[in-house]
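What follows is a single structure, written as structure tokens, with notes after it.
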Amino acid sequence: MALSKTAHIVTAYGEELDQLNDELARMGGLVETQLTTAINAIARRDAGVAGEVRQREKQVNAMQVDIEKRVLRLFALRQPMATDLRMTISALKISTDLERIGDLAKNIAYRAKDLSAYPALGLMDRVERLGAIVIQQLHVVLDALSSFEVEPAIRVWRADDEVDERYNALVREMLISMGEDSSLVEPGVHILFVAKNLERIGDHATNIAEALHFMVTAAPLEADTPPAS
Amino acid sequence: MPDNQSHSDSIAGAGEAEQPVKVQARDVCVSYSGKQALNHVSIDVPDRSVTAFIGPSGCGKSTFLRCLNRMNDTIEGARVTGSLKIDGLEVNDKSVDPVVLRANVGMVFQKPNPFPKSIYDNVAYGPRIHGLALSKDELDAIVEDSLRKAGLWDEVADRLNHPGTSLSGGQQQRLVIARAIAVNPEVILMDEPCSALDPIATAKIEELIDELRENYCIIIVTHSMQQAARVSQQTAFFHMGNLVEYGTTEDIFTNPRDPRTQDYITGRFG
Ligand SMILES: Nc1ncnc2c1ncn2[C@@H]1O[C@H](COP(=O)(O)OP(=O)(O)O)[C@@H](O)[C@H]1O
Ligand SMILES: [Mg+2]
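These protein sequences, in sequence, are chains A and B.
Mapped onto my numbering, the consecutive letters of the first sequence carry residue numbers 132 to 360.
Mapped onto my numbering, the consecutive letters of the second sequence carry residue numbers 668 to 937.
Written out as structure tokens, the structure is:
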């Protein structure tokens, strides 16, 4: 049974669910900004974003705490059922993934500062490209979340294999490069961390896709899930 | 209404029922003085489990329960059609004695209704009229056993001669359950049994229901979604005389298929 568009008889209850979704959307937007800022900092070799990123990180954490409180309150006072139950549970799970993504994006921003001390390297282009794909994954799944659409979520979920492949290819390439030229080892380690963080963010984006799919369809998103019509 | 057709040719079963079917309804229709109260209800209720009936007031839940022990016979203008079987035996068959049927199908109502007699006599009444005890000792044993099964023995053992009405509401409800159990029923119907009880008394009844389901087929009507979710294994949703949806309680409360079920259990305008 898809999500209901009918209003709750108890208006305040419906409003609380709406506010939960709004807060989740705001948190998603903030986390997306974190990731974009971090990847841009790497591309522009910008060492100056750490302060801004740290500030937003605090906001993201506070939002997660707020969402947890709202969910707890809904369970205690409203005992959500059916789609409302799935929505509440999914919001809690998604907020946890968003918090983790925010944290990983912050780590990437810090690595951007370290990397700015090195001359431009071809490997940086490659990690930026991985970053662009992961930003896209996150963007699509958050968009799908705000409109409760499963079809884009399924696409994001399937595309995670590509993220993993690119990550693995990048690691292989770097091992070879660092073996050939030991001056690449220091920046290479930073780039490896960035790549690993991006790969982890990709996983969290698929978690969000799974939670969204369950929220809307009540079924788990699995390898044999057919593309949504 | 499309429901009439869909439920007359498709039989609602809750799915993964492990227990044999105890109560089988096919195309049951009830009208009161020509006004339709139940439309072609077909359902399989499994034995040794709790099945909850939910739905807005007036949707026909009590009417269906009354079919099972032929209480509708006593209502002027009530007309029942269709087939209703308990253990494969047609309830409405001329050969069925309603008095025997009502011993086999116990009923517990919203308001506890102990007889104006002692606690002992409340429980002993049924076994006496059905001749289930051959001696005073046997009757004592039935009374004690029934009160134990109803979780009331420890609270009343020392005052069996006190009036049943002297007990608290929750105790009275358990006394009524003991009274039903005393005549060896196989099916126990409960029509909003906790509506008049406080949360502690309600919890005790729910615990009791959970114990009783090992030995009985229990059908409970409740207006509390939480109660239906807590005590039952199957849930049936009725709406305007139709059985709209029937499934495992978990499915009904996490993923109802019909928008009417969804709107009802999530508290939305239907
Ligand atoms: N004894 C009766 N005489 C006439 N109409 C009745 C009687 N009992 C119930 N009804 C009608 O049948 C419908 C179903 O009632 P009921 O089974 O009591 O619903 P529920 O138990 O779900 O609240 C309602 O429209 C009600 O008015
Ligand atoms: Mg009723």
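Here a beta-carbon is modelled for each residue, glycine too, at the ideal position from N, C-alpha and C.
Cα-Cα separation between residue i and residue j, rounded to whole angstroms
{"i": "residue 293 of chain A", "j": "residue 190 of chain A", "result": "31 Å"}
{"i": "residue 358 of chain A", "j": "residue 279 of chain A", "result": "15 Å"}
{"i": "residue 772 of chain B", "j": "residue 689 of chain B", "result": "11 Å"}
{"i": "residue 817 of chain B", "j": "residue 796 of chain B", "result": "21 Å"}
{"i": "residue 761 of chain B", "j": "residue 907 of chain B", "result": "30 Å"}
{"i": "residue 245 of chain A", "j": "residue 234 of chain A", "result": "17 Å"}
{"i": "residue 863 of chain B", "j": "residue 887 of chain B", "result": "15 Å"}
{"i": "residue 315 of chain A", "j": "residue 309 of chain A", "result": "5 Å"}
{"i": "residue 326 of chain A", "j": "residue 250 of chain A", "result": "18 Å"}
{"i": "residue 909 of chain B", "j": "residue 823 of chain B", "result": "43 Å"}
{"i": "residue 159 of chain A", "j": "residue 685 of chain B", "result": "45 Å"}
{"i": "residue 269 of chain A", "j": "residue 338 of chain A", "result": "11 Å"}
{"i": "residue 258 of chain A", "j": "residue 237 of chain A", "result": "16 Å"}
{"i": "residue 231 of chain A", "j": "residue 319 of chain A", "result": "24 Å"}
{"i": "residue 207 of chain A", "j": "residue 170 of chain A", "result": "41 Å"}
{"i": "residue 691 of chain B", "j": "residue 884 of chain B", "result": "12 Å"}
{"i": "residue 741 of chain B", "j": "residue 782 of chain B", "result": "20 Å"}
{"i": "residue 913 of chain B", "j": "residue 678 of chain B", "result": "10 Å"}
{"i": "residue 140 of chain A", "j": "residue 218 of chain A", "result": "18 Å"}
{"i": "residue 899 of chain B", "j": "residue 712 of chain B", "result": "12 Å"}
{"i": "residue 340 of chain A", "j": "residue 714 of chain B", "result": "41 Å"}
{"i": "residue 271 of chain A", "j": "residue 936 of chain B", "result": "33 Å"}
{"i": "residue 777 of chain B", "j": "residue 148 of chain A", "result": "34 Å"}
{"i": "residue 312 of chain A", "j": "residue 220 of chain A", "result": "50 Å"}
{"i": "residue 865 of chain B", "j": "residue 198 of chain A", "result": "33 Å"}
{"i": "residue 774 of chain B", "j": "residue 273 of chain A", "result": "53 Å"}
{"i": "residue 674 of chain B", "j": "residue 694 of chain B", "result": "Note that residue 674 of chain B has pLDDT 38, beneath the 50 cutoff, so the model's placement of it is unreliable and the number below is only indicative. Cα-Cα distance, rounded: 8 Å."}
{"i": "residue 729 of chain B", "j": "residue 833 of chain B", "result": "28 Å"}
{"i": "residue 723 of chain B", "j": "residue 167 of chain A", "result": "51 Å"}
{"i": "residue 302 of chain A", "j": "residue 330 of chain A", "result": "11 Å"}
{"i": "residue 736 of chain B", "j": "residue 763 of chain B", "result": "11 Å"}
Burial state of residue i (16 or more Cβ within 10 Å)
{"i": "residue 306 of chain A", "result": "exposed"}
{"i": "residue 751 of chain B", "result": "buried"}
{"i": "residue 295 of chain A", "result": "exposed"}
{"i": "residue 875 of chain B", "result": "buried"}
{"i": "residue 717 of chain B", "result": "buried"}
{"i": "residue 215 of chain A", "result": "buried"}
{"i": "residue 163 of chain A", "result": "buried"}
{"i": "residue 867 of chain B", "result": "exposed"}
{"i": "residue 923 of chain B", "result": "buried"}
{"i": "residue 676 of chain B", "result": "For residue 676 of chain B, the pLDDT reaches just 42, beneath the cut-off of 50, and the residue's location in the model is therefore unreliable, although a value from the coordinates is still provided. So residue 676 of chain B counts as exposed."}
{"i": "residue 801 of chain B", "result": "exposed"}
{"i": "residue 748 of chain B", "result": "exposed"}
{"i": "residue 813 of chain B", "result": "buried"}
C-beta neighbour in chain A for residue i, strict 7 Å
{"i": "residue 730 of chain B", "result": "no"}
{"i": "residue 893 of chain B", "result": "yes"}
{"i": "residue 723 of chain B", "result": "no"}
{"i": "residue 935 of chain B", "result": "yes"}
{"i": "residue 923 of chain B", "result": "yes"}
{"i": "residue 776 of chain B", "result": "no"}
{"i": "residue 932 of chain B", "result": "yes"}
{"i": "residue 904 of chain B", "result": "no"}
{"i": "residue 929 of chain B", "result": "yes"}
{"i": "residue 920 of chain B", "result": "yes"}
{"i": "residue 670 of chain B", "result": "Because residue 670 of chain B sits at a pLDDT of 41, beneath the cut-off of 50, its placement in the model cannot be relied upon, and the point is left open."}
Opposing strand residues paired with residue i [DSSP bridges]
{"i": "residue 720 of chain B", "result": "B/888 and B/903"}
{"i": "residue 696 of chain B", "result": "B/748"}
{"i": "residue 915 of chain B", "result": "B/901"}
{"i": "residue 703 of chain B", "result": "B/698"}
{"i": "residue 766 of chain B", "result": "None; residue 766 of chain B has no bridge partner."}
{"i": "residue 757 of chain B", "result": "B/752"}
{"i": "residue 711 of chain B", "result": "B/691"}
{"i": "residue 773 of chain B", "result": "B/855"}
{"i": "residue 935 of chain B", "result": "A/139"}
{"i": "residue 679 of chain B", "result": "B/710"}
{"i": "residue 947 of chain B", "result": "Since the first and last residues shown for chain B are 668 and 937, residue 947 of chain B lies out of range."}
{"i": "residue 830 of chain B", "result": "B/785"}
7 Å Cβ cutoff, residue i in contact with chain B
{"i": "residue 135 of chain A", "result": "yes"}
{"i": "residue 140 of chain A", "result": "yes"}
{"i": "residue 346 of chain A", "result": "no"}
{"i": "residue 213 of chain A", "result": "yes"}
{"i": "residue 210 of chain A", "result": "yes"}
{"i": "residue 336 of chain A", "result": "no"}
{"i": "residue 349 of chain A", "result": "yes"}
> If you scan the region 143-212 of chain A from start to end, which runs of the alpha helix (DSSP H) of 4 or more residues do you find wholly inside it?
Replying inline: 181-209
> What are the complete alpha helix (DSSP H) segments, minimum 4 residues, inside the region 775-809 of chain B?
Replying inline: 786-796
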